[in-house]
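Numbering (my numbering), first residue to last: 33 to 494.
Every residue, glycine too, gets a C-beta built ideally from N, C-alpha and C.
Quick caveat: nothing in here was measured; it's all calculated off a predicted structure.
Take a look at the structure set out below.
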Ligand code: SF4
């Protein structure tokens, strides 16, 4: 779906309400402590029976950062102690040692991701060492997609070389906004030259796909100022661009209180920025994938969407449809064999579990058959922007219209607003409907009402 023009932004505003981002279904608030480290171990064994050869994805969480960005929504820790970072890396290795005896070594790693925090806050030596110990435990596919999140502040060519020599071929970098006034207000001063240098280094080193993150809704942003920043991004020409809506949730992230709410652009301006962003990027050759993501038509993300093999996991959109995801580090979430398992968030608890030789699982969830069906429906809608009802019926042996009888009344409003088509065989999201895809997916969510009633934790959908 390209070249989205003349978006009716007032119509979109109508659908602005709290809702999950569906990086998992059920959403993370459904995870609970009834799922234990023993359950994790049993699931790990069940998922690695002899003959199991399916590809896997690995995620490593590096929580440390040098300075606090006031908008941050990640699980991170600010530290200047190199000893603290070195200690964490030892625990990451020990966590791998705990689980690696259970993995079938013939299973290839098709996807690797280091997120954070700031993985590039590691020294080049630490990057090489961690990468080598991962390779000791797992077998990598020659075509592995290995991505890392980097911060150009403090980055050197030696860091990039260490990543590249360790096999990384994709990277994602936060920019957020180029305007100095905005950068100062969020405590992330990142001169344009260092962003451009990092991109140039990665191109020189042969990184295949570069993603740049932007955020709208930050202090002092205006329609004009954000357009100026976006045009610079287009000039840099990354393969992927993500433009996130800033969620100001100081009751959940207390450091966001450091942002003066009077400096934030009003909701109407944010909608204008969203409209401009989509229109500018799609008219500049990027494909709107959905949910804040844009990609060049020849990037794997856009190809995958065309081929209907796109997938969503905790890193957002992913090209490796359905691969089992094993995650390491504090707060990391694994997803395989219809279970989710999250590690302790606090380093103290995470270290204690590893010291005691236990898996550091604190929360988890085992999906029911209804969860599996709904997850498939939500996933296909969010990735393909359409759903083949007959395919769902065949896959799960059910009558779609009967099974989802309660969802159809909720979809009527979208049909009335010309955002959705309901045919005999399909549910098809129309162009502008892509902007409210979370809302459309919410019609199939069996947990939503209860979760919203109990805890106001979701960001707004627009
Ligand atoms: S560098 Fe990233 S993870 Fe660290 S504080 Fe800033 S936004 Fe958060």
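For residue i, the nearest candidate out of the options (CA to CA)
i, options, result
"residue 185", "369, 261, 101", "101"
"residue 270", "230, 277, 254", "230"
"residue 330", "126, 148, 242", "242"
"residue 162", "176, 145, 174, 278", "145"
"residue 363", "73, 383, 344", "383"
"residue 246", "217, 226, 235, 204", "204"
"residue 210", "220, 377, 483", "220"
"residue 166", "93, 208, 216", "93"
"residue 50", "280, 212, 197", "280"
Near the ligand SF4: residue i beta-carbon under 7 Å from a heavy atom
i, result
"residue 237", "no"
"residue 220", "yes"
"residue 183", "yes"
"residue 101", "yes"
"residue 361", "no"
"residue 400", "no"
"residue 106", "yes"
"residue 150", "yes"
"residue 97", "yes"
"residue 206", "yes"
C-alpha distance - residue i paired with residue j, whole-angstrom precision
i, j, result
"residue 90", "residue 172", "10 Å"
"residue 237", "residue 192", "8 Å"
"residue 206", "residue 182", "7 Å"
"residue 135", "residue 359", "13 Å"
"residue 103", "residue 433", "43 Å"
"residue 471", "residue 132", "40 Å"
"residue 85", "residue 140", "8 Å"
"residue 453", "residue 447", "6 Å"
"residue 118", "residue 179", "22 Å"
"residue 381", "residue 393", "10 Å"
"residue 282", "residue 354", "34 Å"
"residue 214", "residue 105", "17 Å"
"residue 298", "residue 114", "41 Å"
"residue 69", "residue 357", "17 Å"
"residue 296", "residue 250", "6 Å"
"residue 225", "residue 244", "14 Å"
"residue 150", "residue 41", "35 Å"
"residue 223", "residue 55", "32 Å"
"residue 74", "residue 67", "11 Å"
"residue 425", "residue 369", "21 Å"
"residue 174", "residue 301", "46 Å"
"residue 59", "residue 52", "7 Å"
"residue 431", "residue 437", "10 Å"
"residue 218", "residue 474", "32 Å"
"residue 482", "residue 62", "10 Å"
8 Å CB neighbourhood of residue i in its chain, flanking five on each side removed
i, result
"residue 466", "33, 36, 320, 322, 417"
"residue 312", "259, 262, 263, 266"
"residue 462", "450, 451, 452, 453"
"residue 341", "351, 353"
"residue 427", "408"
Residues of its chain near residue i, where Cβ-Cβ distance is below 7 Å and the 5 sequence neighbours each way are ignored
i, result
"residue 290", "102"
"residue 317", "328"
"residue 309", "248, 262, 275"
"residue 457", "420, 421, 422"
"residue 376", "362, 382, 385, 392, 394"
Same chain, Cβ closer than 6 Å to residue i, neighbours up to 5 away in sequence not counted
i, result
"residue 305", "248, 255, 258"
"residue 524", "The shown model of the chain, from 33 to 494, leaves out residue 524, and the question about it has no answer."
"residue 109", "95, 96"
"residue 439", "475, 476"
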